[in-house]
Every structure is written in structure tokens, then in C-alpha cells.
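Mapping of the sequence shown onto our numbering: position 506 corresponds to residue 1683, and the numbering continues sequentially without gaps.
We put the CB at the ideal spot given by N, CA and C, even for glycine.
Quick caveat, the model's predicted, so the values are computed rather than measured.
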Amino acid sequence: MKKIIVCIILLWCQNAICQKLELGNVTLEELLEKVHPLDSTASAAYIFKTGETRFSYINKIWFTTTEVKVKLKIYNKDGFKYANQVIDYYTGGDIAEKVFFADAATYNVVNGTIEKTKLKPEGEFTEDVNKLFKLKKIVLPAIKEGSIIEFSYKIISPYYVRLKDWYFQYDIPVDYVAYDVYIPEYFQYNNIITGFENINIKSEKNKKENYFEEKTSYTKTNVPAIKDEEFVYNIRNYTSILKHELKTIINNNGFTENFSQDWDDVSKQVFKHEKFGGELKLKSYFEEELNPIIEKNSSNDEKIKAILQFVKNKITWNKNYGIYCDKGVKKAYKDKSGNVAEVNLMLVAMLRHAGFDANPVLLSTKSNGVTIFPSRTAFNYVIAAIEAKNNLILLDATSPFSFFNILPKRALNWKGRLIRNESSSTDVDLMPKKVSNEKTSIMATIFENGVVKGQFKKQYFDYAASSFRENNAEIKQESYLERLESKHIGLKASDYNISNKDEVDSPLVEKYSFEHSNLVENIGNKLYFSPLLYFDKTTNPFKQEKRNFPIDFPFPFNNSFHIIVNIPEGYTIESIPERVSLVMENNLGYYLFNVSVSLNTIQISSTYSINASIVPLNQYETLKIIYKTMIEKGNEKIVLKKI
1178 MKKIIVCIIL LWCQNAICQK LELGNVTLEE LLEKVHPLDS TASAAYIFKT GETRFSYINK
1238 IWFTTTEVKV KLKIYNKDGF KYANQVIDYY TGGDIAEKVF FADAATYNVV NGTIEKTKLK
1298 PEGEFTEDVN KLFKLKKIVL PAIKEGSIIE FSYKIISPYY VRLKDWYFQY DIPVDYVAYD
1358 VYIPEYFQYN NIITGFENIN IKSEKNKKEN YFEEKTSYTK TNVPAIKDEE FVYNIRNYTS
1418 ILKHELKTII NNNGFTENFS QDWDDVSKQV FKHEKFGGEL KLKSYFEEEL NPIIEKNSSN
1478 DEKIKAILQF VKNKITWNKN YGIYCDKGVK KAYKDKSGNV AEVNLMLVAM LRHAGFDANP
1538 VLLSTKSNGV TIFPSRTAFN YVIAAIEAKN NLILLDATSP FSFFNILPKR ALNWKGRLIR
1598 NESSSTDVDL MPKKVSNEKT SIMATIFENG VVKGQFKKQY FDYAASSFRE NNAEIKQESY
1658 LERLESKHIG LKASDYNISN KDEVDSPLVE KYSFEHSNLV ENIGNKLYFS PLLYFDKTTN
1718 PFKQEKRNFP IDFPFPFNNS FHIIVNIPEG YTIESIPERV SLVMENNLGY YLFNVSVSLN
1778 TIQISSTYSI NASIVPLNQY ETLKIIYKTM IEKGNEKIVL KKI
């Protein structure tokens, strides 16, 4: 009897939970809730998000159907954006994906009762992204502070190599999330859950009519919001997301077809694709124009530089990503425009034609995320590499500012995969190792009236130079100086000169004369000024007590200042800031600051260096101290006293 009672209670509880997870079951208590019980800062929260993916075999084609239900609470105006829901889907193949929204409605409290406002037809629309992708959008109506929105959607897809990513975590809390995936025995997937949340997983095998099917259930309650931080390029790398990539297919006869068994298998499959390996074989379209350029240059470096520049001048990147050619290298060459694969596979082919051991490198851009397991679909970008005497030269012709081992920042994303041929590939470290320098020199004279006049010179090397060129490519000199003077109130710059702006293989140098009327305070026969003049740091990006993620700098760097200040006649130096030396563990970085005096001249040196692109989390406290100290030293004063 007791067992019967327990079973009845369990069934009742299970039924109650299922009812809570059904759309349309909105309570007055939920609507009147003012703040999230576990996160008072949340602008909105998922009350629940549930979904499932199933396979079906129709007319000798496998399809996946993903169905999702969402119930979401909006607390304040910052949460209104969640009333706009967007799903991207692929339409470029023989069979397009299909997306259907349903059950979309908004719930509010009106005169003490619950009012439901359904989505009207004009609130749903489709938008073309390009010839391969579309967006299905809905805009839920009657949104207010306190609203609850609900909707469901279904995605039907003939593409099962990579299943749709399932997000357990967002930038708002998730009270409950559940996902079931039903995979027939014919399919084997690599799968991984990124992030730091401990997701509950349960698997079971079920007998279907003609095959076995594995059901895997993923559940989690009270998933905290993931908060972005300064110097985290892509927060999705740390977000809890379930990813599936097809590893093998086993047919009824037991024959196995490998897709992403390992990285070598991935490389083999990519190279065999006619829009990749086949394009590398083509060269007749460029030989006539390229041969004289190769013959004109004698050294290997000169040839590589000339070929890289030839591709940059000949073809413009159309901003489209992908590891496969779209229209093909031959047509891209003729049209003078192509996607990243067409630009850089063309570069590889030309380098090979010139006798270099050149090969393509697959990678995932920073905005696309880090590749975690063997996957063809994780890559979205191609660059070129030359192997020579245990040295690897990485090249990218999509950017006018790139050079030998100076890639666009979008490509500096952990590791890539170099593909030599069908049977040979290897990992490539994409993270810059060489420190890029910025060297600032200032010769200045302080006059008794507080005006400072001097000469400014700044040298940019490697990635620092590339970043400057990219950031200022479209800015005219007049606008640049106006921006400089508006940034530093009281500064007047003249005789501005910039060297090597277009010579990407050389350091870039800025020079100008300046006069500044706002650097010196005159108080009671004493002059006060900051040691770095108008280059002191004012904001600290590392102020939070606790940090959750590593610090992601674009590249290793060294920023140094060497300033010489001549003091006015009739004054003596009363006080200067003390010397500082701070060093991080394992020579990861340092900050040095020193002020010295020689007769009527003051010399100030300041150097801040980070020797790796990624600073681990355990170094955050030291980094925070360094930035805090830099700001403090910049705010200290050198004091001159009238004799």
C-alpha cells in the first residue's frame, strides 16, 4: 500500500512539473515578481527553455527536427530587447532549412487580472542575410516592465553534420533548461559542453521500428547569467553550450564513413572538396601576369612580399567568410573580388607556382569561437603558410595591413590546421609570440608662465603598427589632429609628419611639434606637473574585485615612454615621484617607472610590458595592481620651486 501511495505522489509531482513547463501556464505571482530571486541585477530571465532534436528518414533523406519552447520574464526596460527573437537558417543548399514560430504571446497584469496578447501576423517576418542565409524574426507585442513572453519554434533541417548548438546559459539567468536529443544508431557524434556549468546528463537506448535510438537528456536548474568582462574577446568561449559534430555514419551493411573522426580526417575531407583542394591546382589564369613579377625579384623574401602585394592589389576581399570557394579562384581573379578562401587559396597557389612550400591553414576567427574538437564546420577562415627551414611564415592577403606573421586580429584565435595534402596536416599556433613595441619620445621645455613646448615622436612596430594603420586608414590628417587636440584639452599640434604609413614591412613613425597650455599648475611660486605630461592613464579596466575569465590581449606588447623635460630658469626641483618596479610571475609582464634629475633637466621613463596574448586568471591581482600603480604614478606631481 505504501509503495502505491509513493508512486501516486511521484506521478502527481511529475505531472505538476510538466504542467509548469507548458506554455500558457502563466500565474499572477510570476507576473508580479519585481526582481529575480537569485540575481537582483537581471533585466530578464528565462523561466524555462526546453527543447528536443529528433531524426526522421523521408524519401531516402535524413532530416533533423528541433522543437523549442521558451517562457521568459522581463523585469525592466533593459529586458525589452528579449521581445525581439531571431533565428538564422540556411537556404543555400538543394533543400533549404525551414523555421516556424508558434504560440507567441505576451502576458501582462491589467486591473488585477492576466491579459494575454497574441503575436499578430505583421509581427513575424523574414529577412535575407545573403544568398545562403535568412533570418526569421518575431517582435512580441505589448511589452511592459513585468511582462512574461512565451513562444515556440521548430527548425527542420536536412543538414545533420553539425546539430544546432544548444545554449544552457545566456547573459540573463535561466531558471530551468532541458534538452533531449534522439540519435539513431547509424550516427556517431563528437560532442562537448563548453563553459563551467555542471550539466546533468542521462542517456538511454530505445528500440524503434527498424533501429535503435539513443536518447540523451540534459537538464540544469538555476544557471547564472554569464557577464562579459573587459578584455574578453568572445564570451561564447566561456558560455555553457552543447555542440555536436558528426564523427561517423554506419549504414545498414556495416560500412563506416568517417566525417570528423580526428583532425587528420577533417583535413582530408576538406582537402578533397572540389571548392578547396581542386582550386589549388588551378594556375593558368594568373601565370601571364605573375611570372614577370617573380622573375623581377631575386631573394625569397622579395618574391613573397611581391606576390602578397600582387594578390592584395589584384583582388579585394568581399567580407564573406568560409573555407570553401564560392565562385572559384578563376572567376574571383577576373571579378577582382572574392571570399576569404578565394583570396588566400589564390595566394597559396601563386606561392607554390613560385617554388615555395606553401599550404593553406584553416582557422576559426575570434568572433566565431575556439575550435574544441575535430570539426569541419567549426572553421570559417583560411590563411596561407610557407614552411621553410623550421620556420613558418603566416600570410593573409585579405587585409592591406598584413605582412609576414602579421595577421588581421580576427585570425589570432588559438590554433589553426595546416593542410599539406589529403594525408598530411598539422596544428599551427596562431597566437603572436613576438612583443610589439610602441616607443614614445618627448623633448619638452616648461616656461615660467606654465606653457609647455616640445617635440613628440612615436614609433610603432609589428602588430602595433598594423593596428594603427587599420584604425586610422580612413581618417584624414586634419581630422586626426582635431581628434588628438580634442582628446588633450590645451594641446596644439603642428608640423605633423607620419612615415611608413603604407610600408607595412617597416615601423610606422609619428612626429609633431606641440604647445600645451594646460599641463602645469602654478601655485604659490611652485609649478606642478604630471611626469607623463598629457599621456597619463586615467581609467583602470581592471577594477572589479573578482574576475571570472582570463585576460585576452590582442598581442604581446611593450609600451615605453622616454621624456626629457627642461625646467625654466630661476626654478629648482623640489620633489619627484619615487621609482617603481613591478614584475609578474614567469616574466609574464612588468611595469617600470623612474624619474631622475641632471642639473636643470628631468628624465622620466615608464615601461609597461605584457609578454603573452593571454594572461591567466591567477595573474589578475598582479595585473590589477600594475594598472592601479600606473594611474597613481601618472597622477603624482613633479614639483618645481622658484629660487
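Q: Could you check which residue in Phe1448, Asn1735, Ile1238 and Tyr1462 has the C-alpha nearest to that of His1530?
A: Residue 1530 sits at position 353 when you count from the first residue of the sequence shown. Minimum Cα distance to His1530 is reached at Tyr1462.
Q) Do Tyr1767 and Ser1782 have their C-beta atoms closer together than 7 Å? A) Residue mapping note: residue 1767 aligns to position 590 of the sequence shown, counting from 1. Residue mapping note: residue 1782 aligns to position 605 of the sequence shown, counting from 1. Taking 7 Å as the Cβ cut-off, Tyr1767 and Ser1782 do not qualify as a contacting pair.
Q. Alpha carbon to alpha carbon, what distance is there between Ala1561 and Pro1125?
A. The structure shown does not extend to residue 1125, since the chain is modelled only from 1178 through 1820, so no value can be given for it.
Q: Using only alpha-carbon positions, find the residue among Ser1417, Leu1800 and Tyr1501 that is nearest to Ala1518.
A: As a working note, residue 1518 is residue 341 in the sequence shown. Nearest C-alpha to Ala1518: Tyr1501.
Q) Among all the DSSP beta bridges, which residues are the ones paired with Thr1393? A) On the sequence shown, residue 1393 is found 216 positions in, with the first residue counted as 1. Partner(s): Val1358 and Ser1380.
(Q) For a test of the three-state rule: what should DSSP assign to Phe1691, helix, strand or coil? (A) In the sequence shown, residue 1691 corresponds to position 514, counting from 1. DSSP places Phe1691 in strand when its eight states are reduced to three.
Q | Rounded distance between the beta-carbons of Phe1732 and Ser1613, thought under 8 Å | A | Taking the sequence shown and counting its residues from 1, the one referred to as residue 1613 is at position 436. Taking the sequence shown and counting its residues from 1, the one referred to as residue 1732 is at position 555. With 8 Å as the limit, Ser1613 and Phe1732 qualify as a contact, their Cβ atoms being about 6 Å apart.
Q. Excluding five sequence neighbours on each side, which residues of the same chain lie with their C-beta closer than 7 Å to the C-beta of Thr1493?
A. Counting from one through the sequence shown, the residue named residue 1493 turns up at place 316. These residues qualify, in order along the chain: Lys1513 and Ser1514.
Q: Classify Phe1345 as buried or exposed, calling it buried when 16 or more other Cβ atoms lie within 10 Å of its own Cβ.
A: Residue mapping note: residue 1345 aligns to position 168 of the sequence shown, counting from 1. Looking at its Cβ environment, which holds 16 or more other Cβ atoms inside 10 Å, Phe1345 is buried.
Q: Could you check what DSSP says for Gly1631 in three-state terms: helix, strand or coil?
A: Walking along the sequence shown from the start, residue 1631 turns up at place 454. Of the three classes helix, strand and coil, the one that applies to Gly1631 here is strand, per DSSP.
**Q.** Residues bridged to Met1761 (per DSSP)
**A.** Here residue 1761 refers to the residue found at position 584 when the sequence shown is read from its first residue. Its beta-bridge partners do not exist; DSSP assigns none.
Q) According to the neighbour-count rule (16 or more other Cβ atoms, all chains shown, within 10 Å of its Cβ), is Ile1186 buried or exposed? A) Position 9 of the sequence shown, counted from the first residue, corresponds to residue 1186. With a pLDDT of 41 at Ile1186, under the threshold of 50, the modelled position of this residue cannot be trusted; read the value that follows with caution. Ile1186 should be labelled exposed.
Q) Between the segment 1674-1687 and the segment 1599-1606, are three or more C-beta pairs nearer than 8 Å? A) no
Q | Inter-stretch contact (C-beta, 8 Å, three-pair minimum) for the segment 1346-1357 and the segment 1388-1398 | A | yes
Q | Residues that Phe1285 bridges to, as DSSP identifies them | A | Counting from 1 along the sequence shown, the entry for residue 1285 is found at position 108. One detail in the question is off: residue 1285 reads as Asn in this sequence, not Phe. DSSP lists Glu1292 as partners of Asn1285.
Q.
Just to check my reading of the structure: Val1400 and Ser1417 have Cβ atoms closer than 8 Å, yes? What is that Cβ distance to the nearest angstrom?
A. Taking the first residue of the sequence shown as position 1, residue 1400 is located at position 223. Taking the first residue of the sequence shown as position 1, residue 1417 is located at position 240. About 7 Å separates the two Cβ atoms, so the contact holds.
Q) First and last residue of the beta strand (DSSP E) that includes Phe1770? A) By 1-based counting over the sequence shown, the position of residue 1770 is 593. Taken as a continuous stretch (DSSP letters only), the beta strand (DSSP E) holding Phe1770 covers Gly1766 to Ser1775.
Q: Classify Val1697 as helix, strand or coil using the three-state DSSP reduction.
A: On the sequence shown, position 520 is the one that residue 1697 refers to. Strand at Val1697.
Q | Residues near Ser1752 by beta carbon distance below 6 Å, same chain, minus five either side | A | In the sequence shown, counting from the first residue as 1, residue 1752 sits at position 575. Once the five neighbours on either side are set aside, the close Cβ partners of Ser1752 are Val1816.
Q: In angstroms with no decimal places, state the Cα-to-Cα distance between Ala1193 and Pro1609.
A: If you number the sequence shown from 1, residue 1193 lands on position 16. If you number the sequence shown from 1, residue 1609 lands on position 432. In this prediction, Ala1193 has a pLDDT of 45, which is less than 50 and means its spatial position is unreliable; nothing more can be read from the coordinates.
Q: Over the uninterrupted beta strand (DSSP E) stretch that includes His1530, give me the two end residues.
A: Along the sequence shown, read from residue 1 onward, the residue named residue 1530 stands at position 353. First-last for His1530: Val1517 to His1530, but that is the alpha helix (DSSP H), not the beta strand (DSSP E).
Q.
Does Arg1724 come out as helix, strand or coil in the three-state DSSP assignment?
A. Here the question's residue 1724 lines up with position 547 in the sequence shown. Coil at Arg1724, not helix or strand.
Q) Going by the beta-carbon positions, is the gap between Lys1814 and Tyr1748 smaller than 7 Å? A) The residue you call residue 1814 lines up with position 637 of the sequence shown. The residue you call residue 1748 lines up with position 571 of the sequence shown. No; because the gap between Cβ atoms is not below 7 Å, this pair is not in contact.
Q) Nearest to Val1629 by CA position, among Lys1635, Met1620 and Gln1636, is which residue? A) Taking the first residue of the sequence shown as position 1, residue 1629 is located at position 452. Comparing Cα-Cα distances from Val1629 to each of Lys1635, Met1620 and Gln1636, the minimum goes to Met1620.
Q | Local Cβ density within 10 Å of Gln1780, reported as buried at 16 or more and exposed below that | A | Numbered from 1 along the sequence shown, position 603 holds the residue referred to as residue 1780. So Gln1780 ends up on the exposed side.
**Q.** Spatial distance of Asn1582 from Val1525 (CA atoms)
**A.** The residue given as residue 1582 occupies position 405 in the sequence shown. The residue given as residue 1525 occupies position 348 in the sequence shown. Straight-line Cα distance between these residues: approximately 15 Å.
Q. Taking buried to mean at least 16 other C-beta atoms within 10 Å of its own C-beta, is Glu1327 buried or exposed?
A. As a working note, residue 1327 is residue 150 in the sequence shown. Answer is buried; the Cβ neighbour count reaches 16.
Q | Secondary structure of Gly1269, DSSP reduced to three states | A | Numbered from 1 along the sequence shown, position 92 holds the residue referred to as residue 1269. Coil at Gly1269, not helix or strand.
Q: Could you tell me which residues DSSP puts in a beta bridge with Leu1572?
A: To locate residue 1572, count along the sequence shown from 1; it is residue 395. For Leu1572, which the question treats as bridged, DSSP gives the partners Ala1561.
Q | One or two residues paired with Ala1789 in a DSSP bridge | A | Counting from 1 along the sequence shown, the entry for residue 1789 is found at position 612. None, per the DSSP bridge assignment.
**Q.** Assumed close pair Lys1448, Glu1599 - CB separation to whole angstroms, cut-off 8 Å
**A.** For the purposes of this step, residue 1448 is taken as residue 271 along the sequence shown, with counting starting at 1. For the purposes of this step, residue 1599 is taken as residue 422 along the sequence shown, with counting starting at 1. The identity of residue 1448 in the sequence shown is Phe, whereas the question assumes Lys. That belief holds up - the Cβ atoms of Phe1448 and Glu1599 are roughly 5 Å apart, short of 8 Å.
**Q.** Host alpha helix (DSSP H) of Phe1487 (start-end)
**A.** Stepping through the sequence shown from its first residue, residue 1487 is reached at position 310. That run of the alpha helix (DSSP H) goes Asn1477 to Lys1491.
Q.
For Leu1759, tell me which candidate among Tyr1267, Glu1722 and Tyr1804 has the shortest Cα-Cα distance.
A. Residue 1759 sits at position 582 when you count from the first residue of the sequence shown. Selected option, being the one with the closest Cα: Tyr1804.
**Q.** First and last residue of the uninterrupted beta strand (DSSP E) at Pro1537
**A.** In the sequence shown, the residue the question calls residue 1537 occupies position 360. Note, Pro1537: beta strand (DSSP E), Ala1535 to Leu1540.
**Q.** Whole-number beta carbon distance between Ser1220 and Asp1255, since they are thought to touch under 8 Å
**A.** As a position in the sequence shown, residue 1255 is number 78, starting the count at 1. As a position in the sequence shown, residue 1220 is number 43, starting the count at 1. Right, the Cβ-Cβ distance comes to about 4 Å (below 8 Å), so this counts as a contact.
Q: Please specify which runs of the alpha helix (DSSP H), each continuous and at least 4 residues long, are wholly inside the segment 1297-1359, giving them in chain order.
A: none
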